[in-house]
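Numbering (the UniProt record's numbering), first residue to last: 1 to 537.
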Amino acid sequence: MAQISPKLLIPESFQVSRDDITGQLGLIWELIKTPLIVPLLQLGVYVCLAMSLMLFMERVYMGIVIILVKLFWKKPEKRYKFELIQDDVELGSSNFPVVLIQIPMFNEKEVYKISIGAACGLSWPSDRLVIQVLDDSTDPAIKLMVEQECQRWASKGINITYQIRENRTGYKAGALKEGLKRSYVKHCEYVAIFDADFRPEPDFLRRSIPFLVNNPDIALVQARWRFVNADECLLTRMQEMSLDYHFTVEQEVGSATHAFFGFNGTAGIWRIAAINEAGGWKDRTTVEDMDLAVRASLRGWKFVYLGDLHVKSELPSTFKAFRFQQHRWSCGPANLFRKMVWEIIQNKKVKFWKKVYVIYSFFFVRKIIAHMVTFCFYCVVLPLTILIPEVWVPIWGAVYIPSVITILNSVGTPRSIHLLFYWILFENVMSLHRTKATFIGLLEAGRANEWVVTEKLGDAVKKAADAAKNKNNAKAPRKLKFKFTDRLNTLELGFAAFLFLCGCYDFVHGKNNYFVYLFLQTITFFITGIGYVGTII
């Protein structure tokens, strides 16, 4: 059989420019662009547009419902039976239920006194209150300080117990589960949970416990978070805008329409019987709070959100801490969705429309689609379409729908409306990490169960600033040294370079002026890439 010459398999134009590598690559690109790259990218555009429409309809639905709730829905005190528990001279404190306060903590040097002091200051009969400090700290010095603080309050007559474990199995879920096993809490009916940086007001229990006492079908009462350090830096302002929408709209709508929402892990009170019926705390994901809430809801328990009951807390003010927190908050729900979707579908105790709400709205759109479309469309697909002008992107998908979604997202924090444009750019940067975490959770990859405790600084930054300003100090405070390379985030810098190249190409060859957005997004990626976001420790 005659041997086939390799020249017959190569186009003539390739043979002519065989030595010109750049020319050959250009010819290869032209050969595969039209039949392969353009259709794939156009498919990516259509998928992103479909996800944008899903998110758009979800936001519009939530916007309509929250308006109806504010105008026509009865407040929780009217929807449910509510009667304040009164002090009774004859009965003494026996008409008050016994409440357990759990404070899980891990190396919380800067904030442990705040949470313990706030819990001990709750307005509730001391003989009907059990405070449990669940300390998983690994630093012996911090463990000693926390134990001494507990002893200090115990000497004042407060029923407070310092509890430690041999290991950190199950992390927070393991600590809470272990705490409920103790014999001295068996007579408690309800458990309030506060993370180490949360500080409830004295009347917290008096305003929330009556919902549980008077309504036996309610399992959870959730309060709203308020942030004491929202004005500390631009990073905390951005977080406030995102979380305020969650509390103002998502939690309120879920509570009013389906008596369901995700437990936030803190600043809430559970009926212990509901926890036990739902199977107790599980550590199979990094969102043990959401896991418990979904399981309890599937057994018919109701939840109440109190938007006017505020608990002060702290936002992470360093970019590293915030990034780890967002990984956990994005990876966990996706992983939980993977593990529970079939259980939700098969459940017989809840109504069909509640199943639709939990699967589609609560999980699929908010916890998966919202992250993916932000990153995939605005940081990948849209910039690529600039390099390949044959791919069509409708203006309504690129501009109008995102604008409406952004405006609807901003209703929670009117005071930060002037920061809206930067918030969009910053959220696009964070969508990179959230999308990565979402895929890790869905695929149950290596970091699916990674748990990094969010660092709380308390008053450390303020104290350091005050010390630096104090001219009477004998010695000036020693300046902390750090390497510039320790702050570099290569992933962000890589996307900054990619978007900058796309912006330059659009500036020279484009027609839609997308380069304005691309250059601004490049700057935001670059700033986060070199670590100049949040408080610099």
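Glycine is no exception: its CB is placed at the ideal position from the N, C-alpha and C atoms.
Reduced DSSP category for residue i - H, G, I as helix; E, B as strand; rest coil
i      : result
Tyr514 : coil
Lys367 : helix
Gly531 : coil
Ile424 : helix
Ala154 : helix
Thr524 : helix
Leu292 : helix
Thr413 : coil
Pro125 : coil
Gly170 : coil
Lys302 : strand
Pro316 : coil
Pro389 : coil
Phe519 : helix
Val146 : helix
Trp29  : helix
Leu382 : helix
Leu100 : strand
Leu488 : coil
Val311 : strand
Phe322 : helix
Distance between beta carbons of residue j and residue i, contact taken as under 8 Å
i           : j      : result
Leu220      : Gly268 : 6 Å
Ala173      : Lys282 : 6 Å
Phe263      : Met290 : 7 Å
Phe204      : Leu122 : 6 Å
Gly280      : Lys349 : Not confirmed; about 18 Å, so no contact.
residue 583 : Gln222 : Absent from the structure is residue 583, since the part of the chain shown begins at 1 and ends at 537.
Asn489      : Gly531 : 7 Å
Leu309      : Leu425 : Their Cβ separation, rounded to whole angstroms, is 34 Å, which puts Leu309 and Leu425 out of contact at 8 Å.
Cα-Cα separation between residue i and residue j, rounded to whole angstroms
i      : j      : result
Pro383 : Pro76  : 47 Å
Thr161 : Ser255 : 34 Å
Ile37  : Pro394 : 19 Å
Ile101 : Glu108 : 17 Å
Val191 : Val365 : 31 Å
Asn449 : Arg323 : 15 Å
Arg478 : Leu235 : Its pLDDT being 43, under 50, Arg478 is placed unreliably by the model, and nothing is read from it.
Glu178 : Thr169 : 10 Å
Arg284 : Glu427 : 28 Å
Glu288 : His509 : 51 Å
Val253 : Glu232 : 30 Å
Ser416 : Trp423 : 9 Å
Ile407 : Leu243 : 15 Å
Ala465 : Arg206 : With a pLDDT of 49 at Ala465, under the threshold of 50, the predicted position of this residue should be treated as unreliable, and no value is reported.
Thr528 : Arg487 : 9 Å
Phe439 : Trp153 : 46 Å
Val89  : Ile158 : 21 Å
Beta-carbon gap between residue i and residue j smaller than 9 Å
i      : j      : result
Ser137 : Val130 : no
Asp135 : Ile164 : yes
Ala398 : Asn512 : yes
Ile85  : Ile272 : no
Ala259 : Ala278 : no
Phe362 : Phe261 : yes
Thr522 : Gly534 : no
Gly332 : Thr266 : no
Leu41  : Val391 : yes
Glu240 : Val98  : no
Glu83  : Asn214 : yes
Lys355 : Ile345 : yes
Nonlocal neighbours in the same chain, by C-beta distance under 6 Å from residue i, ignoring five residues either side
i      : result
Phe375 : Ser431, Leu432, Thr435
Asp197 : Val111, Ser313, Glu314, Lys456
Pro125 : Ser93, Phe96
Phe377 : Cys48
Phe515 : Gly503, Asp506, Phe507
Pro200 : Ala118, Val311
Residues near residue i by beta carbon distance below 7 Å, same chain, minus five either side
i      : result
Glu455 : Pro316, Thr318, Ala321
Met340 : Val294
Val373 : Cys48, Met51, Ser52, Leu55
Lys113 : Glu149
Tyr505 : Ile386, Leu387
Ala175 : Pro104, Leu134, Asp136, Arg165
Cβ of residue i within 9 Å of any chain B Cβ
i      : result
Tyr422 : Here chain B cannot be found, since the structure has a single protein chain.
Sequence-distant residues of its chain with Cβ nearer than 8 Å to residue i (five each side left out)
i      : result
Val249 : Met62, Gly63, Ile66, Val411, Gly412
Cys150 : Ile116, Val133, Ile160, Thr161, Tyr162
Phe525 : Val429, Glu492, Leu493, Phe495, Ala496, Leu499
Lys143 : Asp135, Ser137, Ile164
Gln326 : Met430, His433, Arg434, Ala437
Gly307 : Arg224, Phe247, Thr248, Gln251, Glu252
Tyr245 : Asn409, Ser410, Val411, Gly412, Thr413
Arg128 : Ser93, Phe96, Pro97, Val98, Val99
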